[in-house]
Structure formats: C-alpha cells, structure tokens
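One structure below.
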Amino acid sequence: MSNPSGRQSVIVPLSREDAERRAAQLGVVADPTRLRLMSLVLTHPAGEASMGQLAAEFDQSHTTISHHLRLLCDADLLTRERRQSFSYYRPTHHAVAQLATLLGVEVPEQGAARESGFDLSAAVLDRQLEHIAEQLATRFTGVFSPETVRRYVGESYDMLAARSRVRRFLPSLTANFAAERLTALAKAQGKTRGSVPEVLFVCVRNAGRSQMAAGILSQLAGDRVLVRSAGSLPVALVDANVVTAMDEVGVYLGGAYPKPLSDEIVRAADVVVTMGCGDACPVYPGKRYLDWPIDDPEGRPLPTVRRIRDEIHQQVRDLVAELFANP
1 MSNPSGRQSV IVPLSREDAE RRAAQLGVVA DPTRLRLMSL VLTHPAGEAS MGQLAAEFDQ
61 SHTTISHHLR LLCDADLLTR ERRQSFSYYR PTHHAVAQLA TLLGVEVPEQ GAARESGFDL
121 SAAVLDRQLE HIAEQLATRF TGVFSPETVR RYVGESYDML AARSRVRRFL PSLTANFAAE
181 RLTALAKAQG KTRGSVPEVL FVCVRNAGRS QMAAGILSQL AGDRVLVRSA GSLPVALVDA
241 NVVTAMDEVG VYLGGAYPKP LSDEIVRAAD VVVTMGCGDA CPVYPGKRYL DWPIDDPEGR
301 PLPTVRRIRD EIHQQVRDLV AELFANP
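Heads up: the sequence shown at position 183 corresponds to 183 in full-length UniProt numbering, and the numbers run straight through without jumps.
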C-alpha cells in the first residue's frame with residue numbers, strides 16, 4: 001500500500017500495550033453521551049468547541065458534561081485548553097484517525113471533493129478558516145493584527161493540506177498549527193518573554209525521530225523547556241511502531257501529528273536539533289544547532305525502533321544535562 005508521498009506503508013499488528021490502550025479508549029466512548037461529545041467536537045467548523053457550546057447540546061448539568069469531557073481527556077481523545085475563563089476542547093490527532101469510522105464520518109483521500117455529506121466547497125472552507133482566524137485574533141489581541149493572524153491561518157491550512165490524508169479534520173489541525181506558529185513568531189519578534197528555553201527537533205517526515213525526541217524531552221524536562229518538532233517533508237501520521245515503542249517508556253504520542261518546518265518556528269528556538277535533514281533547516285545567528293546521526297525508524301520492525309528510541313533517549317538525556325548544568 002502506498003501513501004500520498006509514494007512510499008510503501010507498512011501495516012503492522014497492534015502490540016499488546018497498544019491494544020490495551022485502544023480498548024480502554026473504546027470503553028470510554030462506549031457511553032452515548034461521550035460518543036456524542038466526540039462527534040460534536042470532531043465536526044465543529046472551528047475544529048474545537050467550548051464547554052458552553054457542548055453543554056448546550058445536552059439536557060444535563062454542566063457538572064455532568066464536565067465529568068464526561070474529563071474522562072475523554074484522560075483517555076487522550078480530547079485536549080483541553082484554558083483561555084481566560086473558558087475551556088476549549090479539541091480532538092487528538094489519533095482520535096481523528098481512530099474514531100472517524102466509528103462515528104460514521106468518512107475520511108476522504110486527498111483530492112476528494114465530497115463524501116458522506118462533507119462539504120469541501122470553497123465557501124464552506126472560507127467560513128471555517130475565517131472562524132478560526134477570528135478566534136486566534138482574539139487570543140493574540142495586542143500582539144498581532146487580525147490581518148496577520150488571517151494570513152497565518154491561510155498559510156497553515158495550505159501547508160497541512162498539501163500532504164494531509166485526513167482532509168475532513170484539517171480545520172482542527174490548522175487551528176493547532178497556526179496557534180503554534182503565531183506563538184513562536186511572537187517570541188522570535190520579542191513580543192513575549194520567553195522564561196524557558198525552546199528546543200526544536202527536525203527530521204524529514206516528523207513521524208519518527210523528531211517526534212520521539214520531543215516526547216522524551218517533554219517527559220524528562222517537563223515545563224522547564226518548551227518543545228517543538230517539525231519535518232522537512234512531513235507525512236500524514238506518526239509511525240505506528242514509533243507510538244508503540246514510546247508507549248513502552250511511558251510517553252504517549254496520541255496527540256502528535258506531523259507538521260511542516262516553518263521559518264518562525266526555527267527563529268523562536270534556542271536549540272535546533274536536526275536528524276537527517278540539516279541542509280533543510282535555515283541557520284540564524286545566536287542559536288545552537290546540533291545534528292544527531294540517528295537512523296530513520298520508517299518501516300523498521302519494533303525491536304529496531306526500540307533501539308533507535310533508546311539511542312535518542314540517551315542523546316536527549318545528555319542535552320538536558322547541558323541545558324540545566326550549573327553555571
């Protein structure tokens with residue numbers, strides 16, 4: 001089977017741990033209220049929904065709906081973001097891939113115009129992106145003009161759409177990616193105070209090495225470091241064996257998705273680590289650049305992916321020691 005990049009996709013059976021995790025997730029969405037909540041979030045034009053918007057769809061108390069949403073977040077099916085006095089919920093990338101069929105939503109291949117009632121017309125898409133731009137413009141009030149936010153939303157959509165197989169949920173991914181780019185741009189332009197170092201991991205596909213490194217650094221350093229990852233030629237999904245190997249060491253990549261490398265992400269970073277794609281990464285003064293010669297796990301059996309994971313883990317441990325060494 002070939003993916004949109006023309007490479008052969010390797011289909012592997014679920015590991016015991018992966019099967020147990022997915023079974024637990026299915027147990028959570030077996031409840032009708034939680035299944036409908038997932039459907040509402042997945043199909044929302046903005047790619048996210050607030051607590052108030054979701055509660056309005058049910059004849060239940062806010063406390064009950066909040067409980068259901070917390071369980072969905074605990075199962076890594078939704079992510080929650082607090083903005084001022086409101087909570088917004090978005091689906092994780094793997095929830096999109098795993099629940100689309102269960103919820104009766106077709107996931108069209110690239111270039112498909114309309115399936116199962118999903119309207120990809122320009123008018124509908126424009127409304128969705130405008131809604132996302134309005135929300136982000138409010139979030140970045142006093143930092144960027146609405147015109148700048150709108151431009152970044154449009155660019156982010158184009159960058160993701162060029163390689164995405166899950167076009168049905170591009171608005172949600174666009175909202176996440178645009179927010180990440182604008183946050184990085186604000187730091188690069190000195191419009192926010194960066195209290196912690198930022199580390200960017202870059203590989204070719206952003207589906208293996210850079211995702212593993214980002215996950216391990218987040219686990220080891222917590223909120224002492226802001227971690228990002230990107231790919232010079234990103235694909236559609238994180239490799240299944242990579243997700244399994246990371247689960248084994250307590251790092252869940254359920255919310256991770258491949259993202260293209262962008263200029264402002266590089267400019268915001270204090271440390272840039274490349275793995276197999278150093279020439280694709282722009283060089284700016286005042287930043288630390290590292291290149292780790294680590295094998296690509298694409299298509300490799302799980303034992304090999306584990307070896308690559310452990311090699312990355314040691315490199316990240318050394319990096320953490322350097323970042324926080326006593327002066």
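Built from N, CA and C at the ideal position, the CB exists for glycine as well.
{"Item": "For my contact list, P297 and N206 are in at a C-beta cut-off of 8 angstroms; report their separation, rounded to the angstrom.", "Value": "About 12 angstroms separates the two Cβ atoms, so there is no contact after all."}
{"Item": "May I have the straight-line CA-CA distance separating T192 from E17, to the nearest angstrom?", "Value": "41 angstroms"}
{"Item": "Pull up the CB-CB distance for L220 and E198, whole angstroms please, since I reckon it's below 8 angstroms.", "Value": "Contact doesn't hold; Cβ gap of about 15 angstroms is too wide."}
{"Item": "Do you know how far the Cα of R151 is from the Cα of E134?", "Value": "12 angstroms"}
{"Item": "Pair every Cβ in the segment 285-302 with every Cβ in the segment 254-271, then say whether three or more of these pairs are closer than 8 angstroms.", "Value": "yes"}
{"Item": "Can you say whether G47 is buried or exposed, counting buried as having 16 or more other CB atoms within 10 angstroms of its CB?", "Value": "buried"}
{"Item": "Run through the DSSP bridge pairs and tell me what L290 is partnered with.", "Value": "V273"}
{"Item": "Provide the residue span of the alpha helix (DSSP H) that contains F177, from first to last.", "Value": "L170 to A188"}
{"Item": "Kindly indicate which residue of R90, V243, R22 and A214 has the alpha-carbon position closest to the one of S39.", "Value": "R90"}
{"Item": "By the 10 Å Cβ neighbour count, where 16 or more other Cβ atoms means buried, how is F324 classified, buried or exposed?", "Value": "exposed"}
{"Item": "Can you give the Cα-Cα distance for R309 and C203, rounded to whole angstroms?", "Value": "14 angstroms"}
{"Item": "Between which two residues does the beta strand (DSSP E) holding E57 run?", "Value": "First-last for E57: undefined, no H or E at that position."}
{"Item": "Taking the runs of the alpha helix (DSSP H) that are 4 residues or longer, which of them lie wholly in the segment 186-241?", "Value": "209-221"}
{"Item": "Could you check the C-alpha separation between E322 and V316 for me, to the nearest Å?", "Value": "10 angstroms"}
{"Item": "Kindly list the residues whose CB is nearer than 6 angstroms to the CB of F201, restricted to its own chain and excluding five residues on each side of it in sequence; keep chain order.", "Value": "S210, A213, A214, S229 and V273"}
{"Item": "What did DSSP end up calling R151 once you bin it into helix, strand or coil?", "Value": "helix"}
{"Item": "Kindly indicate which three-state DSSP category E106 falls into: helix, strand or coil?", "Value": "The predicted position of E106 is uncertain, since its pLDDT is 47 and thus under 50; no value can be drawn from it."}
{"Item": "Looking only at its own chain, which residues have a Cβ that is under 7 angstroms from the Cβ of P260, when we skip the five neighbours before and after it?", "Value": "M159, A230, G231 and P234"}
{"Item": "Is the segment 172-179 in contact with the segment 237-251, if contact means three or more CB pairs nearer than 8 angstroms?", "Value": "no"}
{"Item": "Report all residues from its chain with a CB closer than 7 angstroms to the CB of L72; omit the five preceding and five following residues, and keep chain order.", "Value": "V28, R34, L37, M38 and L78"}
{"Item": "So the candidates are E81, A95 and R70; which of them puts its Cα closest to the Cα of L42?", "Value": "A95"}
{"Item": "Leaving out five residues before and five after F140 in sequence, what residues of the same chain have Cβ atoms less than 8 angstroms from its Cβ?", "Value": "V149, L182 and A186"}
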